[in-house]
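To start, the structure under review is shown below, and the notes come after it.
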């Protein structure tokens, strides 16, 4: 599709050393390519593009996107460390805190994940993550209750569909 073509073209532009462009522009091209690759579900290409951008200008790579790529590749400890550093300088970054909670859950750091989730309020996606955390700790009744609450709050919304899918997964 168009997004895949754009990601490929941006990657090619960034890698083409014969193409004259300032270093900062080349870094921006790689950073944008990385974001597109991540959107396409291609974390390996995203990670490579982000590393190329970092090499040129670290300020142009969004830590949450790089952490998402690292986590998708199974590099949870690296993603956690990156988000820890980022959250020391931008403590109110809710997207980073939510992503770190997901990563902490993957690392079985359940108490830390719960602390991050507690700071995020009760949005439906946060409630779903709380349910996943409860399920990973073996508390299926709490997980089910949280998911049912999300469904009841907005039965036709996208979060309800996500919650329903998680309920079905838990029932297996």
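Numbering (the working numbering), first residue to last: 4 to 175. All residues carry an ideal CB built from backbone N, CA and C; glycine is no exception.
Note to self: What does the alpha-carbon distance come out to for the pair residue 61 and residue 163?
What the structure shows: 38 Å
Note to self: Between which residues of its own chain and residue 64 is the CB-CB distance below 6 Å, once the five residues before and five after are set aside?
What the structure shows: Cβ neighbours of residue 64 beyond the five flanking positions: 34, 53, 56 and 57.
Next item on the list: Mark residue 158 as exposed unless 16 or more other C-beta atoms lie within 10 angstroms of its C-beta, in which case mark it buried.
Entry: exposed
Next item on the list: Please specify which runs of the alpha helix (DSSP H), each continuous and at least 4 residues long, are wholly inside the segment 111 to 173, giving them in chain order.
Entry: 113 to 121, 127 to 139 and 143 to 156
Check: By DSSP, does residue 69 sit in helix, in strand, or in coil?
Finding: helix
Next item on the list: Can you give me the start and stop residues for the alpha helix (DSSP H) that residue 28 sits inside?
Entry: 26 to 42 is the span of the alpha helix (DSSP H), which, as asked, contains residue 28.
Next item on the list: Figure out for me which residue from 107, 77, 26 and 100 has the closest Cα to the Cα of residue 47.
Entry: 77
Notebook entry, point to check: Can you name the start and end residues of the alpha helix (DSSP H) that residue 76 belongs to?
Noted result: That residue, residue 76, is in no alpha helix (DSSP H); it is neither H nor E in DSSP.
Next item on the list: Check the Cβ-Cβ distances between residue 163 and every residue of chain B, and say whether any is below 9 Å.
Entry: The displayed structure is made up of one protein chain only, and chain B is not part of it.
Item checked: Reference residue 11, options 25, 24, 30 and 49, closest by Cα -> Selection 25, 24, 30 and 49 evaluated against residue 11 yields 49 as nearest (Cα-Cα).
Notebook entry, point to check: Secondary structure at residue 46, three-state DSSP: helix, strand or coil?
Noted result: Of the three classes helix, strand and coil, the one that applies to residue 46 here is helix, per DSSP.
Check: Do residue 100 and residue 81 come within 9 Å of each other at the CB atom, strictly closer than that value?
Finding: no
Item checked: Burial state of residue 130 (16 or more Cβ within 10 Å) -> buried
Check: Buried or exposed: residue 71, going by 16 or more other Cβ atoms within 10 Å of its Cβ?
Finding: Result: buried.
Next item on the list: Determine the direct distance from the alpha carbon of residue 59 to that of residue 51, and round the result to whole angstroms.
Entry: 13 Å
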